[in-house]
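FYI, the numbering for the sequence shown is 1061 to 1352, going by this note's numbering. Heads up, the thing below is written out as structure tokens.
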Amino acid sequence: MKYTILNALVGVVLSIQQVYAIKYVTIEDAIQQNLIQSTISHQAGSFYNKIQFDVQSLCKEKVVLTVHAGTHLVNEEERAQNHLITRQDTMVLAPLARRTKMFTGMCCEPADHSPRKGSGYTITSNPIPYAVELCQLIDSLKAFEYDGQCTIWSLVRHDGRSAVIGRDSQRVMALRIFLHQTIGNPVTPFQSNDYVRQIPARMRPAEQYLNEQGEWWIRNLSYADKITLELVDWNSDQIIRSIQHERIYVQRGTLDMHLSAINLGLLTANTSYLVRIKKNGVILNEWMYELV
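Structure follows, in structure tokens:
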């Protein structure tokens, strides 16, 4: 009798283990071990959630599938851009279940054209030096906008200059420092000895006009684009004044900016400020001004 009860208990324990058994595996290992069938495709969208994973589990256990930042995706079209996963995420699959999920991916071939919607990808070992580490940094900084994308392009091009721009200056600087430490791109911090330009105190508010003609070139500009000029407190990063379309004039590819709407007479002398140019919320450039 006791052996029958013991056998029954063992059977219950084994059944419970089978019900609650969970496999933790990367998507590469899951494909190699035939635990899943997957279809990876490109979807239209911004820098968020451009890559769709359709996964069918072939396993009788629950599977927690990890897609690491830095996963390299090769598009089926030779001249279409390959992509990198820039935000690590997981897919939880019930036994033999099917699931679809979007992942954040960024282009790593700036010279190629954007993939067509629905075109397929395959996963390969990442051939780009430091790309995995960069994607992990992008993930940790949550740099899922243009700053993350142009950092990847700068890494791939190895262009020898810091081309990283974005809406968050501290995040941009962290990405610039990464490029400097890995491929030697120069770091261009916003230091007063490099960026100070004097605004003569003798100028009256009505005459205060900033003309940076020919210095900044905004490409692919359309009437739908929102161009913004901001004056920002250097210490607090608080916006003092923001000027949009009606005060900004673009002619022949040059940018003329009027600051007459900003009454500099109300500002404190011997203080520093940032001037920022933004296109659709993304910082194209910023530099320091010092009011004397």
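All residues carry an ideal CB built from backbone N, CA and C; glycine is no exception.
Check	Outcome
Cβ contact (3+ pairs, closer than 8 Å) linking the region 1171–1189 and the region 1200–1209	no
Beta-carbon proximity of residue 1215 to residue 1234, cut-off 8 Å	no
The beta strand (DSSP E) enclosing residue 1112, as first and last residue numbers	1111–1117
Candidates 1296, 1240, 1115 and 1287: closest to residue 1340 by CA position	1287
Where residue 1195 sits in the DSSP three-state scheme	helix
Candidates 1145, 1152 and 1153: closest to residue 1185 by CA position	1145
Supposed close pair residue 1101, residue 1087 - CB separation, criterion 8 Å	Wrong, their Cβ atoms sit about 14 Å apart, outside the cutoff.
Residue 1255 - DSSP class collapsed to helix/strand/coil	With a pLDDT of 41 at residue 1255, under the threshold of 50, the modelled position of that residue is not reliable, and the figure given next carries that caveat. It is helical.
For residue 1218 and residue 1353, the rounded distance between their alpha carbons	In the structure as shown, the chain begins at 1061 and stops at 1352. Residue 1353 is therefore absent and cannot be evaluated.
Coarse secondary structure for residue 1089, derived from DSSP in three states	helix
Opening and closing residue of the beta strand (DSSP E) in which residue 1167 lies	1165–1167
Distance, residue 1139 Cα to residue 1224 Cα	25 Å
Start-end ranges of the beta strand (DSSP E) lying completely within the region 1123–1170, minimum 3 residues	1132–1135, 1143–1145, 1149–1153, 1158–1163 and 1165–1167
Same chain, Cβ closer than 6 Å to residue 1299, five either side skipped, listed in chain order	1290 and 1292
8 Å Cβ cutoff met for residue 1137 and residue 1081	no
Neighbour-count burial assignment, residue 1274, 16 or more Cβ in a 10 Å radius	Low per-residue confidence applies at residue 1274: pLDDT is 33, beneath 50, and the placement is therefore not dependable, though the value from the model is reported in the following sentence. Exposed, because fewer than 16 other Cβ atoms sit within 10 Å of the Cβ of residue 1274.
Per-residue DSSP class, three states only, for residue 1335	strand
Nearest-angstrom Cβ-Cβ length linking residue 1226 and residue 1342, presumed shorter than 8 Å	6 Å
DSSP three-state assignment for residue 1207, whether helix, strand or coil	helix
Straight-line gap, residue 1245 to residue 1111 (C-alpha atoms, nearest Å)	30 Å
C-alpha gap between residue 1188 and residue 1135, whole angstroms	16 Å
Beta-carbon proximity list for residue 1127, same chain, < 8 Å, skipping 5 on both sides	1086, 1087, 1113, 1145, 1148, 1149, 1150, 1151 and 1163
Neighbourhood of residue 1178 by C-beta distance below 6 Å, restricted to the same chain and skipping five residues each side	1101
Cβ-Cβ distance between residue 1183 and residue 1118 below 8 Å	no
Residue burial classification, residue 1129 (beta-carbon count within 10 angstroms, cutoff 16)	buried
For residue 1290: DSSP bridge partner residues	1302 and 1336
Per DSSP, the bridge partner or partners of residue 1242	Answer is none; residue 1242 lacks a bridge partner.
Proximity winner among 1157, 1124, 1158 and 1241, relative to residue 1194 (alpha-carbon distances)	1241
Assigned exposure category for residue 1156 - 16 Cβ within 10 Å defines buried	exposed
Pairwise C-alpha distance: residue 1094 and residue 1237	41 Å
Residue 1180: first and last residue of the uninterrupted beta strand (DSSP E) it sits in	1180–1184
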